[in-house]
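Undergrad: Going from the sequence shown to my numbering is simple: count from 1 and add 63. All C-beta atoms in this analysis are idealised placements derived from N, C-alpha and C, irrespective of residue type, glycine included.
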Amino acid sequence: MENGKEKKDKLKKRLYGFVLKLIKTLENTKYNQTTKVINNQLLRSSTSILANYVEGQSSYSRKEFTNFLSICLKSTNESKVWIALLKDTNYIEIKDAQDFLKELDEFSKIFASSILTLKQNKK
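Here is the structure:
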């Protein structure tokens, strides 16, 4: 059974791999004004997930860590919107979009569950 540190390291690696794959996919999208804007927003929101998760690991308090996870959750949800737009406008392959959206759904569940647990244990 994984301990807390192993789970955190595993999630960090998953997030890193997700962002790396996304960057490589976006580098291959057709370049125009629309994709420039959407890709930029998607890169910001998806890298924010990873960056805030990593930064949250050095939080000074449970409340601060919960806040970082909340930002991760919001950025995850934002990333879903941008990927859906790229998919629905045929700028990325449907299979790639489905894979990204599935991974983002899993991240959302992890962050939401962690936030609830942290808030419940606070009481």
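Determine the extent of the alpha helix (DSSP H) in which ASN115 is found, giving its start and end residues.
TA: Counted from its first residue, the sequence shown places residue 115 at position 52. Segment 96-119, the alpha helix (DSSP H) holding ASN115.
Undergrad: For the putative contact between ASN115 and SER138, defined by C-beta atoms under 8 angstroms, what is the C-beta separation to the nearest angstrom?
TA: Mapped onto the sequence shown, residue 115 falls at position 52. Mapped onto the sequence shown, residue 138 falls at position 75. Rounded, the Cβ-Cβ distance is 7 angstroms, consistent with contact.
Undergrad: Is it buried or exposed, ALA147, if we count other Cβ atoms within 10 angstroms and call 16 or more buried?
TA: In the sequence shown, the residue the question calls residue 147 occupies position 84. It counts as exposed.
Undergrad: Report the rounded CA-to-CA distance for ASN66 versus ASP159, giving the unit in angstroms.
TA: To locate residue 66, count along the sequence shown from 1; it is residue 3. To locate residue 159, count along the sequence shown from 1; it is residue 96. Their Cα atoms are separated by approximately 32 angstroms.
Undergrad: In or out: ILE112 buried (at least 16 other Cβ within 10 Å) or exposed?
TA: To locate residue 112, count along the sequence shown from 1; it is residue 49. By the 10 Å Cβ count, ILE112 comes out buried.
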